[in-house]
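Residue numbers (the numbering used here): 12 to 965.
#1: Can you give me the C-alpha to C-alpha distance between residue 642 and residue 611, rounded to a whole angstrom?
#2: Buried or exposed for residue 518, please, with buried defined as at least 16 other CB atoms from any protein chain shown within 10 angstroms of its CB.
#3: Let me check one thing: in DSSP terms, what residues is residue 878 bridge-paired to?
#4: When the distance is taken between beta carbons, is residue 448 closer than 9 Å to residue 385?
#5: So what does DSSP say about residue 936, is it helix, strand or coil?
#6: Can you give the Cα-Cα distance for residue 504 and residue 300, rounded to whole angstroms?
#7: Apply the 10 Å Cβ neighbour rule to residue 311 and answer buried if 16 or more other Cβ atoms are within range, or exposed otherwise.
#8: Between which two residues does the beta strand (DSSP E) holding residue 425 run?
#9: Please determine, among 676, 438, 706, the residue with the shortest C-alpha to C-alpha distance to residue 695.
#10: CA-CA distance, residue 862 and residue 281?
#11: Can you tell me which of 302, 289, 316 puts its alpha carbon nearest to the alpha carbon of residue 275?
#12: What I want to know is whether the C-beta of residue 417 ends up closer than 8 Å to one or more non-hydrogen atoms of the ligand ATP.
#13: Quick check on residue 18: buried or exposed, where buried means 16 or more other Cβ atoms within 10 Å of its Cβ?
#14: In whole angstroms, what is the alpha-carbon distance linking residue 508 and residue 338?
#15: Might you give, ordered along the chain, the residues of its own chain that have their beta carbon closer than 6 Å to the beta carbon of residue 423, omitting 5 neighbours on each side?
#16: Quick check: the region 359-378 against the region 341-351, are there 3 or more CB pairs under 8 Å?
#17: Have a look at residue 575 and residue 230 and give me their C-alpha separation to the nearest angstrom.
#18: Figure out for me which residue from 907, 897, 964, 889 has the closest Cα to the Cα of residue 926.
#19: Assuming residue 157 and residue 48 make a contact with CB atoms under 8 Å, what is their CB distance in whole Å?
#20: Which value, in whole angstroms, describes the spacing of the CA atoms of residue 336 and residue 278?
#21: Give the straight-line distance between the Cα atoms of residue 960 and residue 904, rounded to the nearest whole angstrom.
#22: Would you call the CB atoms of residue 654 and residue 578 closer than 9 Å?
#23: Assuming the contact rule is C-beta atoms closer than 8 Å, residue 621 and residue 684 should be a hit. Round their C-beta distance to whole Å, please.
#24: Quick check: what's the CA-CA separation for residue 211 versus residue 240?
#25: Using the Cα positions of residue 4 and residue 138, report the straight-line distance between them to the nearest angstrom.
#26: Specify the secondary structure class of residue 413 as computed by DSSP and reduced to three states.
#27: May I ask you to list the residues that DSSP assigns as paired with residue 335?
#28: With a threshold of 6 Å on Cβ separation, who are the neighbours of residue 524 within its own chain once the five nearest residues in sequence on each side are excluded?
#29: From what residue to what residue does the alpha helix (DSSP H) around residue 962 run?
#30: For residue 717 and residue 163, I'd like the C-alpha separation in whole angstroms.
#31: Starting from residue 282 and walking both ways along the beta strand (DSSP E), at which residues does that stretch end?
#32: Tell me residue 327's beta-bridge partners as DSSP assigns them.
#33: Looking only at DSSP bridge pairs, what is residue 17 linked to?
#34: Return the bridge partner residues of residue 578 from the DSSP annotation.
#35: Taking only the alpha-carbon atoms, compute the straight-line gap between residue 898 and residue 887 and give it to the nearest angstrom.
#36: Within 10 angstroms of the Cβ of residue 551, are there 16 or more other Cβ atoms? Answer buried if so, exposed if not.
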């Protein structure tokens, strides 16, 4: 066959070399288009007739198809091996690179790779070359369902590539061409939020802030009028950043932030004094060791550390890490959990997070071994808490703040802080309250400084009072401070110093604000959203109360989270003081009721978010815990769960601490669909273990069963089948004892999965059939659909002839429910049935439809399993580009989620295909990766098999 290339990215065409080929009339081109649509696969004659003539073909259609196929063969000079007659159909063999859509995909892959390597210019060149391949809508002139589906798929890739091109222009500082291209793209495709997001950024960087904001408002109005929806989180985030002129939007900042970690808190604008300690600390940081900044509460240890690290950060180009150790709280933070937080910042996902403290500490030291970073460990309880968090000596510097000298922290330098000098204390008061007011009443200012004991935290509180009460004279505040002289004289030492000022602050607040402040101290160290005040007080809303606390500097606005919620936090000292006040002023039943209302609100919102996600099979029968509906509505469930991830874990722990076992387990299981979606197996396991301890102590059988169901599923995901079987057997017994058929059915279904994975097909089939009886009786249609599918495929594996109807009934139920996730899961199973019965085209259709759904609902893990199967089929068909693309995508997702077995299988199949196609270097690389992974997961026999292939490759 001569050098033939085919074009489908526009009207169907072909070339010999650079010269176009006259294939024939329109019907002839349609026949060629259908053959290319199914390249390297058999196309039935009826499919060609339908594509060429639609529903009313001529009587001579069969003969005409034969003629047109012959015309294609002659005009392109194809031999019988290139265009084969197979039964009543035809098969056109297309080699890698012959089809322009394959070349387009290859260019996109090259762009991703070079961008990942940091070569933005090369990435843009690959994308630009990819776009030159397009001549119009893909498969133009062919309108059968398969062509429409493929056209939509390729168009999505084309639009994504255009957005990527514009984003690369922004990264390279070429804002003007980006504005032009993105404006056109946004006009042609008004609902593409990423294009609008990039357009806003391009306009902002071009000095057109008003135009950037107008883009957001236009999109907001369009979505509201046309769809009744709001802009997505990306658009809202950029909008908020533009409004506050966030430096992260600037090109220099944005480019830099792609590489280093930058967790250092913002510098304090009114930082005052400390000239000597600051110089000393900066000198110690240059030595790249560990420095402990110690002092009494409120002396400004954190402020000094933050200021010094900001001044020193240019000498540490790999970034800054920050942790609040909560050493002044009743329960200082666990080093193992903090190491997990640090490792996440350094790129380690939960799926591959080591389980224990020592393993995490070792991985943390390894990650920092060749980096030059600053680490701030704020508010340490003691040396034991700090030691695991220290990087290896060499390129990093560490500052630890603590109320105590950490004399047993070997090798650390110590810097102790005292109160401010009188001059610096007076200057701090003037900066906060206003210099002219201090100059107008110098004697009163000196008296206030004296009464505050020159303690920075006390001065900040009194200065804020003056700033928020412009009509006050300084004498008014002095007299109020003196009225509290029995407590204010305690300001000169320790915690008692600050407590006197806190008491005065509370006396100036309305009773509801005082109550809210004290009760907030019961909720722990997490940042909290504003709606918490309502249930805490038992009121519909608490905005005015929260405003009063913020104005009094008793509650601090920290950030706005990914869900768009402002988040607030009590300083650790204030929180401890507030909790003591609650215990002193309110009876235990009132404190318990307040905590219960807040937890009930967390539960109501978590269930609201859960219900906005796709239906989960892991949803047990609800318990009897109270629900409190706060003055807040979840809009984006995943963004909300992302924002509240740590707070929900704390809420589960809080419920367990207060003996509220029902709330503990219902909160834990409400978050399961999110944990499942994000593959957060560590959070899933931890939340359930904490709640399990509570329900076991309370004798709550229902809760224990629900939690064991969830833990069993985590074990299945982590290939811990023995542990899964143990938990699920116990779960089945508990559900059976309380007569919960829904729960028993779900537990049996999970147990059936364990049997199936272990190859125990008879047991799996019997268990799934028993589970089906229970879920049908309980009316759980989603579970029924899944179980019918499982029964069908297990039966098929055993040679049963009725597998197809079982699976198709499961798919019918899922579609009738509108459960798109379940549809996609069942389609993936159905593809295996179709493939094993020789219906390859149907299997590919099943998988393509499933992958589309998984992508639309952002289920990355399920999408990877689907890509893996697609890749395997394309490999069997010899379709190198499609197989490579699918298997590469799947492998990278498996790697991110810690699924090393499936990652190994992807690399092995890809390496085998490359060997078959003669791509020796690529085959060696991918087979080598497979060998390493098979050994890492404890499957040496598979590793040896692949090593034998490597020998054959040479």
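C-beta atoms are modelled at their ideal positions from N, C-alpha and C, and glycine is treated no differently. In this text the structure is predicted, and so the values were computed from the model without any measurement.
Concretely, from the data shown:
#1: Straight-line Cα distance between these residues: approximately 13 Å.
#2: Residue 518 is exposed by the Cβ-count criterion.
#3: Bridge partners of residue 878 according to DSSP: none are assigned.
#4: At the C-beta level, residue 385 and residue 448 stay beyond 9 Å of one another.
#5: DSSP places residue 936 within a helical segment (H, G or I) once states are collapsed to three.
#6: Annotation note: pLDDT 29 at residue 504 (below 50); position unreliable, no value reported.
#7: Burial call: buried.
#8: Start and end: 424-428.
#9: Nearest option by C-alpha distance: 676.
#10: The C-alpha of residue 862 lies about 54 Å from the C-alpha of residue 281.
#11: Check the Cα spacing between residue 275 and each of 302, 289, 316: the tightest is with 316.
#12: Of ligands this structure carries none, so the ligand ATP is not represented either.
#13: Counting Cβ neighbours within 10 Å, residue 18 comes out buried, since at least 16 surround it.
#14: With a pLDDT of 44 at residue 508, under the threshold of 50, the predicted position of this residue should be treated as unreliable, though the coordinate-derived value follows. In this structure, the CA atom of residue 508 is about 19 Å from the CA atom of residue 338.
#15: Correct list, in chain order: 301, 303.
#16: These segments touch.
#17: The C-alpha of residue 230 is placed about 18 Å away from the C-alpha of residue 575.
#18: For residue 926, the nearest C-alpha among the options comes from 964.
#19: Confirmed, about 6 Å.
#20: About 19 Å.
#21: So the alpha carbons of these two residues sit roughly 25 Å apart.
#22: Pairing residue 654 with residue 578 gives a Cβ-Cβ distance under 9 Å.
#23: Taking C-beta atoms under 8 Å as the contact rule, residue 621 and residue 684 qualify, at a distance of about 5 Å.
#24: So the two alpha carbons sit approximately 20 Å from each other.
#25: Lying before the first or after the last residue shown, residue 4 is absent from the chain, which here runs from 12 to 965.
#26: Here residue 413 sits in strand by DSSP.
#27: In the DSSP output, where bridge partners are listed per residue, residue 335 has 389.
#28: The residues are 556, 559, 560.
#29: That run of the alpha helix (DSSP H) goes 951-964.
#30: Answer to the nearest angstrom: the Cα atoms are 42 Å apart.
#31: Run containing residue 282: none; DSSP gives neither H nor E here.
#32: Looking at the DSSP output, residue 327 bridges to nothing.
#33: DSSP output for residue 17 lists 25, 110 as bridge partner(s).
#34: By DSSP's assignment, residue 578 forms a beta bridge with 540, 570.
#35: So the alpha carbons of these two residues sit roughly 13 Å apart.
#36: The residue in question, residue 551, is exposed, as its Cβ has fewer than 16 Cβ neighbours within 10 Å.
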